[in-house]
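Just below is one structure, and these are the notes that go with it.
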Amino acid sequence: MEKEVFKKLSVQQQVKALYLDGTFIIDIRFYEYKINLYLFENFLVEVFYQPVEDRIDKIEVMEKNSKRLNFYTDQIKLPDFC
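Numbering (the working numbering), first residue to last: 4 to 85.
What follows is the structure, encoded as structure tokens:
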């Protein structure tokens, strides 16, 4: 599945796709969120989970030039294609 196709899915469809075919990599804390990073096919996806409210607020495809990428690379080595 291409990034653009994934972005057009509903949140429920994105969650299902990540659960069935994604690979959890790491989570970080960012303000009130626990952000779970997944590898889905050949791109990274962030899931913004609000634990106090027990809800997913958004799911975003991580772009290669995202500044948030630094939060993850400080802790792990990400695949070169990401």
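Just so you know, even glycine gets a beta-carbon here, dropped at the ideal spot from N, CA and C. These numbers were taken from a predicted model, which means no experiment stands behind them.
On the three-state DSSP scale, how would you describe residue i?
i, result
"K80", "coil"
"D30", "strand"
"L12", "coil"
With 16 other CB atoms within 10 Å as the buried threshold, where does residue i fall?
i, result
"V8", "exposed"
"Q15", "exposed"
To which residues of the same chain is residue i closer than 6 Å at the C-beta, ignoring the five residues directly before and after it?
i, result
"E63", "E49"
Tell me the DSSP bridge mates of residue i?
i, result
"E63", "E49"
"Y41", "F27, V48"
"Y36", "F33"
Looking only at its own chain, which residues have a Cβ that is under 7 Å from the Cβ of residue i, when we skip the five neighbours before and after it?
i, result
"L72", "M65"
Between which two residues does the beta strand (DSSP E) carrying residue i extend?
i, result
"K70", "Neither: K70 is in no beta strand (DSSP E) and is coded neither H nor E."
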